[in-house]
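The structure appears right after this line, and notes come after that.
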Amino acid sequence: MTQRGRHRRRKRGRAVRAFLAGTALALTAAATMISASQATVGDDPGALKPLAVSADTAGLRLQEDLVPRQTLDRLADAMGRPVGVRAVLDGADRSLRTEADCRTAERASLPVRPRATRAYCWSEVDTEGWHPGAVTTSGDADDDGHWGADRVILSGWTEGGGRGLARVAFIDATDPAHLSYTWALLAVPVDGGRDYRGLSSAVAGMVWYQGKLLVTTADGLYVYDMHRVQRTTVESSGVGRVRGGWAAGGYRFVMPAVGVYRTVGEEPRPSALSLDRSTAPDSLVAGERVPAESGRHTRLWRWAFSSDPERAGLLATDSAGRALADEAYESKADGVRGVLSYGAHWYLDRATDSPADHGTLWRQDAEDAQAAECGTDGTRHCWSGAGSLSYWEETGEVWSQSGRTLFALPLSSIDRAVR
Numbered sequence: 027m028t029q030r031g032r033h034r035r036r037k038r039g040r041a042v043r044a045f046l047a048g049t050a051l052a053l054t055a056a057a058t059m060i061s062a063s064q065a066t067v068g069d070d071p072g073a074l075k076p077l078a079v080s081a082d083t084a085g086l087r088l089q090e091d092l093v094p095r096q097t098l099d100r101l102a103d104a105m106g107r108p109v110g111v112r113a114v115l116d117g118a119d120r121s122l123r124t125e126a127d128c129r130t131a132e133r134a135s136l137p138v139r140p141r142a143t144r145a146y147c148w149s150e151v152d153t154e155g156w157h158p159g160a161v162t163t164s165g166d167a168d169d170d171g172h173w174g175a176d177r178v179i180l181s182g183w184t185e186g187g188g189r190g191l192a193r194v195a196f197i198d199a200t201d202p203a204h205l206s207y208t209w210a211l212l213a214v215p216v217d218g219g220r221d222y223r224g225l226s227s228a229v230a231g232m233v234w235y236q237g238k239l240l241v242t243t244a245d246g247l248y249v250y251d252m253h254r255v256q257r258t259t260v261e262s263s264g265v266g267r268v269r270g271g272w273a274a275g276g277y278r279f280v281m282p283a284v285g286v287y288r289t290v291g292e293e294p295r296p297s298a299l300s301l302d303r304s305t306a307p308d309s310l311v312a313g314e315r316v317p318a319e320s321g322r323h324t325r326l327w328r329w330a331f332s333s334d335p336e337r338a339g340l341l342a343t344d345s346a347g348r349a350l351a352d353e354a355y356e357s358k359a360d361g362v363r364g365v366l367s368y369g370a371h372w373y374l375d376r377a378t379d380s381p382a383d384h385g386t387l388w389r390q391d392a393e394d395a396q397a398a399e400c401g402t403d404g405t406r407h408c409w410s411g412a413g414s415l416s417y418w419e420e421t422g423e424v425w426s427q428s429g430r431t432l433f434a435l436p437l438s439s440i441d442r443a444v445r
């Protein structure tokens with residue numbers, strides 16, 4: 027499957043970005059009245075603080091480790107020729123419910139101000155025992171918003187309990203009135219490609235860029251190839267080589283990792299993740315996970331993608347395979363679960379103590395932070411429950427996920443809400 031589009035982008039210079047440095051974003055939150063006890067104006071994170079960036083800056087370097095081509099080919103020889111996104115979408119056998127069919131409690135998790143313009147709900151049966159994670163789209167993959175002829179959304183989930191497997195829903199979003207999907211398990215090749223194991227780590231952030239899917243977990247930033255999806259041959263709860271063939275926890279598709287980036291040293295790892303198409307070249311932005319009321323500040327990073335056609339979808343690295351952050355900032359916001367950067371603004375999705383409560387979406391820059399207010403008490407807890415943020419530039423929409431609810435709204439409506 028090939029990408030479409032010639033990457034028509036509105037670029038801004040690095041000098042402008044360094045000066046403007048982001049902007050705290052204020053989104054909106056709940057579908058119910060929120061108590062005055064949540065209206066804590068004192069949690070305003072204020073301005074972003076730029077951090078110095080150099081080759082010796084701890085925590086800003088990622089070491090690239092790519093899986094040998096021989097390992098991937100050995101696995102493909104054993105399992106069969108890999109397939110691409112279109113083949114996975116052809117197997118979509120499940121549907122998301124439209125907002126009209128969502129339950130009251132599900133709709134209550136949507137932002138209060140600004141309101142979502144599109145919303146869909148997952149089946150409780152299909153997601154029971156699984157925790158929602160990150161969202162990315164074909165708007166990240168290619169600037170014309172399509173992958174081939176399709177509009178696609180990817181949604182990451184992590185299994186609770188024992189195995190802690192990670193899976194991705196491939197959602198055919200070409201028809202906005204009917205979103206169908208199927209699952210693919212995330213895996214890691216082992217034994218030189220003679221087998222694979224489940225990723226077994228919580229998915230915190232995802233970005234689909236060109237032909238690669240980048241996934242943040244507790245032990246690294248994993249890389250998957252959208253042209254290397256394998257079909258399983260046995261329907262089994264096992265993972266990897268099983269009696270009679272290959273299985274992926276009962277799913278028909280599995281994605282073996284083609285590489286991983288790990289932090290150098292013991293610095294906190296990137297967690298929240300998104301793509302910024304307003305930079306030259308396109309860049310990957312990330313935020314670390316800092317527990318609420320920990321007393322620590324949240325760091326934000328930006329890495330450039332490689333301009334080498336042979337490294338499409340991978341980060342720019344030096345001769346030692348290290349990716350050095352181009353920019354870094356510190357925010358006083360804690361509990362950040364989603365991060366987005368576009369043009370002059372940074373948007374931080376800040377969680378509350380309880381997953382059932384609404385969070386705050388801050389727009390933050392070098393001068394101050396702003397968030398929408400909702401309700402008669404002036405609360406800023408107007409956003410959904412914590413989730414990742416993904417900007418679909420071609421449509422102007424921000425996509426996110428709160429519990430079993432997937433939703434979108436215009437970025438412009440977010441900006442208007444914080445003025």
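Going by our numbering, the sequence shown opens with residue 27, and the numbers climb by one from there.
Glycine is no exception: its CB is placed at the ideal position from the N, C-alpha and C atoms.
On a predicted model such as this, the values are computed, not experimentally measured, just so you know.
Continuous alpha helix (DSSP H) stretch holding residue 442: start and end: Within the sequence shown, the letter at position 416 stands for residue 442. Membership of residue 442 in the alpha helix (DSSP H) is indicated by the continuous run 437-443.
So for residue 93, helix, strand or coil by DSSP? Numbered from its first residue, the sequence shown carries residue 93 at position 67. Three-state result, residue 93: coil.
Just to confirm my understanding: we take residue 56, look at its own chain, exclude 5 residues before and 5 after, and list those with CB closer than 6 angstroms. What are they? Here residue 56 refers to the residue found at position 30 of the sequence shown. The predicted position of residue 56 is uncertain, since its pLDDT is 36 and thus under 50; a value taken from the coordinates is nonetheless stated next. Closer than 6 angstroms at the Cβ level, and outside the excluded window around residue 56, lie 138, 384.
Which same chain residues, not among the five before or five after residue 117, have their C-beta less than 8 angstroms away from its C-beta? Stepping through the sequence shown from its first residue, residue 117 is reached at position 91. Taken in chain order, the residues that qualify are 208, 278, 279.
Can you check whether the CB of residue 358 is closer than 9 angstroms to the CB of residue 284? As a position in the sequence shown, residue 284 is number 258, starting the count at 1. As a position in the sequence shown, residue 358 is number 332, starting the count at 1. It is not a contact, given that the beta carbons lie outside the stated cut-off.
Rounded distance between the beta-carbons of residue 171 and residue 164, thought under 8 angstroms: Position 138 of the sequence shown, counted from the start, is the residue given in the question as residue 164. Position 145 of the sequence shown, counted from the start, is the residue given in the question as residue 171. With a Cβ gap of about 6 angstroms, residue 164 and residue 171 count as contacting.
Answer with buried or exposed for residue 402, where buried requires no fewer than 16 other C-beta atoms within 10 angstroms of its C-beta. Start at 1 with the first residue of the sequence shown, and residue 402 comes out as number 376. Residue 402 comes out exposed.
Say whether the segment 122-137 touches the segment 413-423, bearing in mind that this needs 3 or more beta-carbon pairs closer than 8 angstroms, one atom from each stretch. Judged by pairs of C-beta atoms under 8 angstroms, the segment 122-137 does not touch the segment 413-423, as fewer than three such pairs exist.
Secondary structure of residue 428, DSSP reduced to three states: The residue you call residue 428 lines up with position 402 of the sequence shown. Three-state result, residue 428: strand.
Give the C-beta separation of residue 79 and residue 393 to the nearest angstrom, bearing in mind that I take them to be a contact with Cβ-Cβ under 8 angstroms. The sequence position of residue 79 within the sequence shown is 53, counting from 1. The sequence position of residue 393 within the sequence shown is 367, counting from 1. The beta carbons of residue 79 and residue 393 sit about 20 angstroms from each other, so the pair does not count as a contact at 8 angstroms.
How is residue 139 classed by DSSP in three states: helix, strand or coil? Counting from one through the sequence shown, the residue named residue 139 turns up at place 113. Coil, per DSSP.
Under a Cβ-count criterion, where at least 16 other Cβ atoms within 10 Å of its own Cβ denotes burial, should residue 67 be classed as buried or exposed? Looking up residue 67 in the sequence shown gives position 41. Low confidence applies to residue 67: its pLDDT is 41, below 50, so where it sits in the model is not reliable enough to give any reading.
Need the endpoints of the beta strand (DSSP E) that residue 165 sits in, please. Taking the first residue of the sequence shown as 1, we reach residue 165 at position 139. It is not in any beta strand (DSSP E) - residue 165 instead sits in the alpha helix (DSSP H) that spans 164-167.
Check the Cβ-Cβ distances between residue 227 and every residue of chain B, and say whether any is below 9 angstroms. Looking at the structure shown, chain B is missing, and only one protein chain is on hand.
Inspect the beta-carbon positions of residue 97 and residue 218 and report whether they are closer than 9 angstroms. Sequence index remark: in the sequence shown, residue 97 carries index 71 (1-based). Sequence index remark: in the sequence shown, residue 218 carries index 192 (1-based). The answer is yes: Cβ separation under 9 angstroms.
Can you name, in chain order, every residue of its own chain whose Cβ lies under 6 angstroms from the Cβ of residue 322, other than the five neighbours on each side? As a working mapping, residue 322 is identified with position 296 in the sequence shown. Answer for residue 322: 316, listed in chain order.
Roughly how many angstroms separate the alpha carbons of residue 290 and residue 244, rounded to a whole number? Position 264 of the sequence shown, counted from the first residue, corresponds to residue 290. Position 218 of the sequence shown, counted from the first residue, corresponds to residue 244. Distance between the alpha carbons of residue 290 and residue 244: 14 angstroms.
Decide yes or no for the touch test of the segment 360-375 against the segment 300-314: beta carbon pairs closer than 8 angstroms, at least 3 of them. yes
Have a look at 355, 281, 109 and flag the residue whose alpha-carbon is nearest the alpha-carbon of residue 223. To locate residue 223, count along the sequence shown from 1; it is residue 197. Among 355, 281, 109, the Cα nearest to that of residue 223 is on 281.
Nonlocal neighbours in the same chain, by C-beta distance under 6 angstroms from residue 232, ignoring five residues either side: Locating residue 232 in the sequence shown gives position 206, where the first residue counts as 1. Leaving aside the five residues that flank residue 232 on each side, the residues in its chain whose CB is nearer than 6 angstroms to its CB run, in chain order, 160, 162, 182, 241.
From 273, 441, 431, pick the residue whose C-alpha is nearest to that of residue 205; which is it? Locating residue 205 in the sequence shown gives position 179, counting from the first residue. Taking only the C-alpha atoms, the option nearest residue 205 is 431.
Count the other CB atoms, across all protein chains shown, that sit within 10 Å of the CB of residue 227; report buried if there are 16 or more and exposed otherwise. If you number the sequence shown from 1, residue 227 lands on position 201. Looking at its Cβ environment, which holds 16 or more other Cβ atoms inside 10 Å, residue 227 is buried.
Tell me which same chain residues have a C-beta within less than 6 angstroms of the C-beta of residue 330, skipping the five on either side of it? For the purposes of this step, residue 330 is identified with residue 304 of the sequence shown, where counting begins at 1. So the qualifying residues of the chain are 307, 309, 342, 352.
Which of helix, strand or coil does DSSP assign to residue 72? One-based indexing of the sequence shown puts residue 72 at position 46. Three-state DSSP puts residue 72 in coil, outside helix and strand.
How many Å lie between residue 286 and residue 442 at the Cα? One-based indexing of the sequence shown puts residue 286 at position 260. One-based indexing of the sequence shown puts residue 442 at position 416. Their Cα atoms are separated by approximately 38 angstroms.
Start-to-end residues for the alpha helix (DSSP H) that takes in residue 116: Within the sequence shown, residue 116 is the residue found at index 90, counting from 1. Where residue 116 is concerned, the enclosing alpha helix (DSSP H) stretches over 111-116.
Could you tell me the boundaries of the beta strand (DSSP E) in which residue 386 lies? For the purposes of this step, residue 386 is taken as residue 360 along the sequence shown, with counting starting at 1. Bounds of the beta strand (DSSP E) holding residue 386 are 386-390.
Distance CB(residue 318)-CB(residue 255) smaller than 9 angstroms: Stepping through the sequence shown from its first residue, residue 318 is reached at position 292. Stepping through the sequence shown from its first residue, residue 255 is reached at position 229. In this structure, residue 255 does not lie closer than 9 angstroms to residue 318 by Cβ.
Express the C-alpha separation of residue 374 and residue 395 in angstroms, rounding to a whole number. The residue given as residue 395 occupies position 369 in the sequence shown. The residue given as residue 374 occupies position 348 in the sequence shown. Whole-angstrom Cα-Cα distance: 10 angstroms.
C-alpha distance - residue 108 paired with residue 336, whole-angstrom precision: Counting from 1 along the sequence shown, the entry for residue 108 is found at position 82. Counting from 1 along the sequence shown, the entry for residue 336 is found at position 310. Roughly 19 angstroms separates the two Cα atoms.
List the whole-angstrom C-beta distance separating residue 114 from residue 196, where the pair is believed to meet the contact cut-off of C-beta under 8 angstroms. Translated into the one-based positions of the sequence shown, residue 114 becomes position 88. Translated into the one-based positions of the sequence shown, residue 196 becomes position 170. Between residue 196 and residue 114 the Cβ distance is about 5 angstroms, and since that is below 8 angstroms, they are a contact.
Beta bridge counterpart(s) of residue 256 as assigned by DSSP: Numbered from its first residue, the sequence shown carries residue 256 at position 230. In the DSSP output, where bridge partners are listed per residue, residue 256 has 280.
Determine the contact status of residue 259 and residue 271, defining contact as a CB-CB distance below 9 angstroms. Position 233 of the sequence shown holds residue 259. Position 245 of the sequence shown holds residue 271. Going by C-beta atoms, residue 259 is nearer than 9 angstroms to residue 271.
DSSP on residue 124, reduced to helix/strand/coil? What you label residue 124 is simply residue 98 of the sequence shown in a count that begins at 1. Residue 124 falls in the strand class under three-state DSSP.
Measuring CB to CB, does residue 230 end up less than 9 angstroms from residue 297? Numbered from 1 along the sequence shown, position 204 holds the residue referred to as residue 230. Numbered from 1 along the sequence shown, position 271 holds the residue referred to as residue 297. Yes, the pair counts as a contact, with Cβ atoms nearer than the cut-off.
Backbone CA spacing between residue 110 and residue 70 [nearest angstrom]: Reading the sequence shown from its first residue, position 84 is the one you call residue 110. Reading the sequence shown from its first residue, position 44 is the one you call residue 70. Taking the straight line from one Cα to the other gives about 45 angstroms.
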